[in-house]
């Protein structure tokens with residue numbers, strides 16, 4: 001094998017590994033979320049956002065969840081970007097996906113405030129927001145809006161390439177997440193909105209993992 005062949009193989013392997021990081025991110029986030037619900041019975045998905053699990057004695061698990069899956073998402077976005085040539089439709093998609101990953105990491109750095117009786121010892125009516133809590137919401141908003149925009153950017157790229165199924169899937173994911181985010185952002189603590197947002201998060205992660213897996217299967221030896 002020549003040096004050029006070895007370099008090409010190395011680039012191919014790197015791209016595939018980056019994309020595999022993106023594939024793993026979704027299942028890992030959801031699995032750790034479900035695991036925490038099982039070991040922290042005072043958490044109520046109809047009242048509490050998953051992000052408040054960053055508080056309490058076991059808060060390090062959710063902090064790790066945000067950090068690791070955020071980094072994996074960024075790596076997956078880099079892998080996709082390596083496959084999209086400059087000037088082609090959808091080159092901003094990986095950037096928006098990467099911003100979502102950065103939003104997750106920022107959410108770990110600036111954790112949400114304890115609220116509504118969680119973790120144990122927090123007043124049942126607690127709704128105070130600290131500076132750190134505000135920064136958490138900002139990080140979340142930037143990440144979520146970037147994700148939504150990314151869905152539509154990728155959808156445009158897929159439609160332009162006559163991949164109608166993937167285009168529809170991407171649009172549907174963006175619309176579902178946008179609707180759920182609008183509901184949760186409207187406030188009021190409606191249990192239906194809280195559950196709908198949790199479901200939308202799972203839908204979003206499924207799309208990210210599927211997207212990275214799709215691109216991984218398209219890796220050619222010269223990538």
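Residue numbers (UniProt numbering): 1 to 223.
A virtual CB, placed ideally from N, CA and C, is assigned to each residue, including glycine.
Here the structure is a predicted model, which means the values were calculated and not measured.
Open item on the list: In the DSSP output, what is residue 118 paired with across the bridge?
Closed with: Beta-bridge pairing links residue 118 to 115.
TODO: Identify every run of the alpha helix (DSSP H) within the stretch 15–88, keeping only runs that are complete inside it and at least 4 residues long; order them along the chain.
DONE: 59–83
Open item on the list: Contact defined as beta carbons within less than 8 Å: I believe residue 104 pairs with residue 73. What is the distance between those atoms, to the nearest angstrom?
Closed with: 7 Å
Task: Rounded separation between residue 114 and residue 217 - CA only - done: 42 Å
- [ ] Taking the CB atoms as reference points, tell me whether residue 25 and residue 209 lie closer together than 8 Å.
- [x] A contact, by the Cβ cut-off of 8 Å.
TODO: For residue 1, count neighbouring Cβ atoms within 10 angstroms of its own Cβ and tell me buried if that reaches 16, exposed if not.
DONE: Residue confidence is low: residue 1 scores 48 on pLDDT, short of 50, so the model does not pin down where it sits. Its coordinate-derived value is still stated next. Exposed.
Task: Proximity to residue 22 [Cα-Cα], best of 11, 61, 80 - done: Answer by Cα proximity: 80.
Task: Residue interval of the alpha helix (DSSP H) (run including residue 132) - done: Start and end: 131–160.
Task: Endpoints, alpha helix (DSSP H) assigned at residue 94 - done: 92–109
Task: With 16 other Cβ atoms within 10 Å as the buried cut-off, status of residue 35 - done: exposed
- [ ] State the Cα-Cα distance for the pair residue 109 and residue 63, rounded to the nearest angstrom.
- [x] 8 Å
TODO: Please classify residue 6: does DSSP put it in a helix, a strand, or coil?
DONE: Residue placement at residue 6 is poorly supported in this model, since its pLDDT is 41, which falls under 50; the coordinates still yield a value, given next. In the structure shown, residue 6 sits in a helix (DSSP, three-state: H, G or I).
- [ ] Please work out which residues of its chain come closer than 6 Å, Cβ to Cβ, to residue 122, disregarding the five sequence neighbours upstream and downstream, and give them in chain order.
- [x] 114
Task: residue 184, buried or exposed, once every other Cβ within 10 Å from all chains shown has been counted against 16 - done: Burial call: buried.
Open item on the list: Can you look up residue 123 in the DSSP assignment and give me helix, strand or coil?
Closed with: coil
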